[in-house]
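Quick note: the sequence shown uses this note's numbering, first residue 246, plus one each step. Cβ coordinates follow ideal geometry from the N, Cα and C atoms, glycine included. Note that the structure is a prediction, hence the values are computed from the model and not measured. For reference, the structure is listed below as structure tokens.
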Amino acid sequence: MSIARVLPGPTPDIIAPLSVEQAYADALAHLLADNPDLFDAGRESDPLHKLLMVGAWHYQMAVARMNDAVRAVMPHLAHAADLDAIALRAAVARQVLDPGDATAVPPRAPVYESDNRLLQRYYGAWDRLGQSGSDGLYRALALEVPGVRDVWIDSPEPCEIVVTVLGWDGVPDAATLDAVQAITTDRDRRTHGDRVSVQAATVVDVPVTARLVLAPNADAATACAAAGQRLSAYTAWVEIPGLTPLGRRWTAGALVGACIVDGVLDATVTPEAVACPPGTALRAVSITALPDDV
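As structure tokens, this is what we get:
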């Protein structure tokens with residue numbers, strides 16, 4: 246199963262839009278239709294107006310709770326403990342990336358994997374049910390190791406499997422690679438005829454420089470800061486399915502588009518675009534946004 250193909254999923258029809266104003270207007274219309282002489286609808290000071298507004302507010306709170314209840318049972322809409330409960334159906338528990346230290350000063354809280362990564366592993370768990378040696382099977386197995394941020398699976402020859410691993414800070418350490426090797430070569434979990442090898446991903450550090458064409462009277466500092474933030478967001482390593490670091494290239498259009506903020510007419514970004522082979526991750530080591538006349 247390709248996780249990128251199933252996400253984002255559709256929003257079910259049962260999730261209703263929220264509008265206190267619309268609920269109030271509907272209640273008022275129904276009341277006047279049934280009791281046209283009950284009160285003066287034009288006087289907003291009439292107590293019945295306040296009662297209808299309170300009723301509309303509570304009704305919308307009930308609708309919001311029903312919406313939340315629907316989201317809580319749908320994997321692509323659930324979050325936090327709700328997603329934990331869903332993942333347990335496939336025997337997948339949220340991983341502890343850092344156990345923290347309660348004795349430190351100040352105490353350091355545990356760090357758990359994100360919802361996006363847990364969702365990837367939940368969907369990947371269904372690939373573990375097959376015995377065909379699919380990419381999804383080896384990806385799911387490798388992601389069971391907490392030190393793995395992203396995985397790329399390749400099969401250059403029949404029955405030959407190459408697992409490329411990216412760590413949280415870039416190139417994984419030897420312990421992480423050994424753990425992935427152990428779990429992906431476990432004869433009780435992988436296809437017997439497969440020959441599996443594990444290697445570290447390649448991390449390419451890329452400095453990014455943007456030169457901005459500013460509109461007249463635009464505040465250069467504000468525009469440059471905003472463009473820099475958007476470039477950082479675009480180049481950041483994320484765990485959203487389909488946007489994980491390995492093999493994700495930076496396109497010229499997206500880099501320039503990230504720079505187009507209030508006060509910016511055009512931009513030139515260096516490098517213009519960066520190709521990225523499947524087993525490679527691009528990392529922005531610096532991001533600089535400057536007016537083009539500097």
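Check                                                                                                                 : Outcome
Residues near E517 by beta carbon distance below 8 Å, same chain, minus five either side                              : A497 and L500
Rounded separation between D450 and V341 - CA only                                                                    : 28 Å
DSSP-derived helix/strand/coil call for G415                                                                          : strand
Other residues of its chain near P522: CB distance less than 6 Å, five sequence neighbours each side excluded         : none
In chain order, each beta strand (DSSP E) run of at least 3 residues that lies wholly inside the stretch 340–396      : 341–343
Own chain, CB closer than 8 Å to A336, minus 5 neighbours either side, in chain order                                 : A370
Beta bridge counterpart(s) of W495 as assigned by DSSP                                                                : V519
Inter-residue spacing [alpha-carbon to alpha-carbon] between L476 and I532                                            : 7 Å
Neighbour-count burial assignment, Q267, 16 or more Cβ in a 10 Å radius                                               : exposed
For L457 and R250, the rounded distance between their alpha carbons                                                   : Its pLDDT being 49, under 50, R250 is placed unreliably by the model, and the measurement read from it follows with that caveat. Each residue's Cα considered, the two are about 36 Å apart.
DSSP three-state assignment for T480, whether helix, strand or coil                                                   : helix
Sequence-distant residues of its chain with Cβ nearer than 6 Å to R353 (five each side left out)                      : G345 and D346
Neighbourhood of T454 by C-beta distance below 6 Å, restricted to the same chain and skipping five residues each side : T515 and T533
First through last residue of the beta strand (DSSP E) which encompasses D450                                         : T447 to L459
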